Amino acid sequence: MKTEILSGEKKNLAIAGKLLKNSELVAFPTETVYGLGARISDEKAIRKVFQIKGRPPDNPLIVHISKLDSIAKVAEEIPADFFRLQERFFPGPLTVILKKHKGLSFLITGGRDSVAIRMPHHPVAEKLISLVGEPLAAPSANLSGRPSPTLASHVFEDFNQYIPLILDGGPCRWGLESTVVSLLSETPHLLRPGVITSEEIEEVLQKKVQRSSEQLAPGMKYRHYAPKAAIYTFDTLDTLLSHLQTPMERLILGKDLPVSHHTLNSRDLYYHFRMADAKGYKEICIFLDPQIKKQEALMNRIFKASYDPCYKTSFSLL
Ligand code: TXA
Ligand code: MG
């Protein structure tokens, strides 16, 4: 199968819509990372999503909606907290877990009785979902075990010849996956940190958000992307500089360092990981200045990628 990359203009959206109606998968941009979409009523296409990603069937997909009305077809017993959150954060990088609607396929929810819902804040995603006329189940558009794609070319790297179409929306604004919060119990649980912080959620809900290691998003238990290069993190300039004394093919990420480096920020983290692998680097050295350390989602992804048991956080993979 030939994989085309097309812009998100109207005539290409129409092509995407047709493909989706024919049980094909289409990759599309969102403000977080690119998604790999299938219609929620199309079990054949949903199966394909798991198959071509190499994704374990118990790791559920997020249902992407473009209008609030759709919620009634995918979720049940929706608590008031959901409406508070959606009012403030939809469309945007927040995924909410609710009780699943009985009509929704268990393939999407990985056999669970709950469903993840998000309304992406991206014109191409929004128009595509509207045009198809039903929500799209979509994981990040990467092979399982690769970094999430933040450019159309990343999706192409992973799925060339496996999907017919990638809609190109340029670089994703945030570059990290959405925050996942569960509203299945009275106390909200943060299952995956993201751009929207637990503090912001607490402010809207006027209650504490639990950040527990027991209740993780199912996907968080799997080994995430670990680049072939070893990841080293440094808290002080001295330790970094002394480490750099040993010559090595390496990527250095940080800010305002006295050695040649790439700027570390959330948006480009996965881009750099993919680049380090492509170049066959042996090491990725990351300088964690106090500003970086405050960014929970970024730190979480760095630690997950470094896959070092020393870095067990409350969101550890183990
Ligand atoms: O930003 C994002 O969320 C991107 C874009 C494409 O929307 N999507 C994304 O999907 O990151 P994915 O499949 O790579 O990650 C979804 C996460 C997984 O960790 C999964 O286990 C969790 O959400 N999840 C999905 N349904 C769930 C459920 N019913 N209960 C708990 N966690 C769930
Ligand atoms: Mg993913």
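Just so you know, the numbering used here puts the end of the sequence shown at 392, numbered straight through with nothing missing.
Beta carbons: idealized from backbone N, C-alpha and C, even for Gly.
Bear in mind that the values here come from a model prediction, so they are computed numbers and not experimental data.
- Boundaries of the alpha helix (DSSP H) around H317: L311 to H317.
- Judged by the Cβ position, N133 qualifies as a neighbour of the ligand TXA at the 7 angstroms threshold, a heavy atom of the ligand being closer than this.
- In chain order, A303, H336, H346, M349, A350, K353, Y355, E357, I358 and C359 place their CB closer than 8 angstroms to the CB of L325, counting only its own chain and leaving out the 5 sequence neighbours on each side.
- Within 7 angstroms of the C-beta of I136 there is at least one heavy atom belonging to the ligand TXA.
- In this structure, P213 has its CB closer than 7 angstroms to one or more heavy atoms of the ligand MG.
- By a beta-carbon distance limit of 8 angstroms, L110 contacts A215. Their separation comes to about 4 angstroms.
- Separation of the CB atoms of V278 and L159 is rounded to 6 angstroms, and the pair is thereby assigned contact status at 8 angstroms.
- Of the candidates E273, M373 and A149, M373 places its Cα closest to the Cα of D309.
- The residues G249, in chain order, have a CB closer than 7 angstroms to that of D342 in the same chain once the five nearest residues on each side in sequence are set aside.
- Under the 10 Å beta carbon count, P321 is surrounded by fewer than 16 other beta carbons and is classified as exposed.
- For D242, the secondary structure class from DSSP, reduced to helix, strand or coil, is strand.
- From the listed residues F230, Q365, N86 and S140, the smallest Cα separation to S204 is found for S140.
- In this structure, F361 sits near L331, with a CB-CB distance shorter than 8 angstroms.
- If you compare the alpha carbons of P223, A300, D363 and C246 with that of S380, the shortest gap goes to A300.
- When I305, Q365, Y344 and H298 are compared, the shortest CA-CA separation from K329 is found for Q365.
- Take the alpha-carbon of R121 and the one of G91: they are about 19 angstroms apart.
- The beta carbons of P238 and T77 sit closer together than 8 angstroms.
- Under DSSP, Y306 forms a beta bridge with C359.
- Between L241 and G82, the CB-CB gap stays under 8 angstroms.
- Buried is the label assigned to A101, since at least 16 other Cβ atoms lie within 10 Å of its Cβ.
- Taking C-alpha positions only, R162 is separated from V255 by approximately 14 angstroms.
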